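First to last, the protein sequences are chains A and B. First residue of the first sequence? That's 509 in our numbering, and the numbers climb one at a time after it. First residue of the second sequence? That's 37 in our numbering, and the numbers climb one at a time after it. We put the beta carbon where it would ideally sit given N, CA and C, even for glycine. Since the model is a prediction, treat every value here as computed from it, not as a measurement.
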Amino acid sequence: MLVEALVLSALLFVIGTVGVLVRRNAIIMFLSIELMLNAVNLSFVAFSRYLGIEGQLYVFFVMTVAAAEAAVGLAIIIAVFRHYETVNVDNFNLLKW
Amino acid sequence: MVDVLFYVFAAVALGGGLGVVLARSPVGSLLFMLATLFSVAGIFVLLEAHFLAAIQVMVYAGAIMVLFLFVIMLLNLGHDFRKDFTFGAGMVAAFVVAGVMAGFLARQFRGSGDHPLYAFFPGPEGMDALLAEQGAVGAIAHPLFTDYVVAFELTGILLLMALVGAIAIAKQRV
């Protein structure tokens, strides 16, 4: 099941990347990032089935970091929404070169 | 049986992923994401990672997705049905490159039964023995509290920092 799981993981990662590139709604871009994290978790777990328990430990840490990242990111989205009254990232170009 | 279940879960995960990107309303995206998370949890079970499957459902599908839903409801974005897709020349080029790479991937995937990749890995017997000896939770807990205990403690500090940072950023006036 290793190869199938890796292919599924790659496809989910690509879907997440496309979501970040194509959508302009900050919340949905965030969801796509979570999708990418999940795809990586899936490949870690698939490898851990064959190579030992460490892969599952890394997934554990990735999930923790994802939870922290979601909390801080959503706080930033709330702060930005309070300022601009929108979450469309086309309006946030202050740091754009 | 396991293979059939895997393909069912994989199909739901891929459909949910496409739904996340294509759904118009943020709440719809979120529900599709929930379907993806649950089916990835199912695949974790098929890969004998039972503890991570439980964590995936409780932390990801339970806590993080509720946080997203909370923010969507708080900011009143639930009925924002305008399309917000962007497409440019660079995007088209990116999709062409992605298609070519997907073609290479599909060529690699042909005949997965005796795929050459398996030659590089030991079989799953070692993991089966470990799980039978220590159980699904014990197998993770033992290295977590011995070899990786520093990373585990640092995770606690990270969560505290994220907690303080999220409150400080989202507060009305600092």
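Does F600(A) have its Cβ less than 7 Å from a Cβ in chain B? The count along the first sequence starts at 1 and reaches residue 600(A) at position 92. With 7 Å as the cut-off, F600(A) does not count as an interface residue toward chain B.
Where does R531(A) fall in DSSP's three states? By one-based count along the first sequence, residue 531(A) stands at place 23. If DSSP states are grouped into helix, strand and coil, R531(A) belongs with the strands.
Keeping to the same chain, check which residues put their C-beta closer than 8 Å to that of A578(A); ignore five residues upstream and five downstream. As a working note, residue 578(A) is residue 70 in the first sequence. Once the five neighbours on either side are set aside, the close Cβ partners of A578(A) are F538, E542.
By the 8 Å beta-carbon criterion, what residues does the stretch 149 to 170 of chain B contribute toward chain A? H151, L153, Y154, F157, P158, G159, P160, G162, M163, L166
Counting only runs of 4+ residues fully inside the stretch 537 to 570 of chain A, write out the alpha helix (DSSP H) ranges in chain order. none
Assign F568(A) to one of two classes, buried (16 or more other C-beta atoms within 10 Å of its C-beta) or exposed (fewer than that). Sequence index remark: in the first sequence, residue 568(A) carries index 60 (1-based). Buried, by the Cβ-count rule.
For E267(B), which residues in chain A fall below 7 Å Cβ to Cβ? Nothing in the structure corresponds to residue 267(B), since chain B is present only between 37 and 210.
So, V573(A) versus R532(A), is the Cβ gap smaller than 7 Å? Counting from 1 along the first sequence, the entry for residue 573(A) is found at position 65. Counting from 1 along the first sequence, the entry for residue 532(A) is found at position 24. In this structure, R532(A) does not lie closer than 7 Å to V573(A) by Cβ.
Short of 8 Å Cβ to Cβ, which residues in the stretch 520 to 536 of chain A face chain D? The question asks about chain D, but that chain is absent: this structure's protein chains are A and B.
Cβ closer than 8 Å: which chain A residues qualify as neighbours of V107(B)? The sequence position of residue 107(B) within the second sequence is 71, counting from 1. Near V107(B) (Cβ distances below 8 Å), the residues of chain A are I535, L582, I585, I586.
If you follow the alpha helix (DSSP H) that G55(B) is in, where does it begin and where does it stop? The residue given as residue 55(B) occupies position 19 in the second sequence. Its alpha helix (DSSP H) spans residues 38 to 58.
From S540(A) to V63(B), what distance separates their C-alpha atoms? Taking the first residue of the first sequence as position 1, residue 540(A) is located at position 32. Taking the first residue of the second sequence as position 1, residue 63(B) is located at position 27. Their backbone Cα atoms lie some 14 Å apart in a straight line.
Cβ of A198(B) within 7 Å of any chain A Cβ: The residue you call residue 198(B) lines up with position 162 of the second sequence. It does; some Cβ of chain A falls within 7 Å.
What did DSSP end up calling N601(A) once you bin it into helix, strand or coil? As a first step, residue 601(A) must be located in the first sequence, where it is residue number 93. N601(A): coil per DSSP, three-state reduction.
Along chain B, in chain order, which residues have C-beta atoms closer than 8 Å to that of I541(A)? As a first step, residue 541(A) is located in the first sequence; it is residue number 33 there, counting from the start. None at all; the shortest Cβ gap to chain B is about 11 Å.
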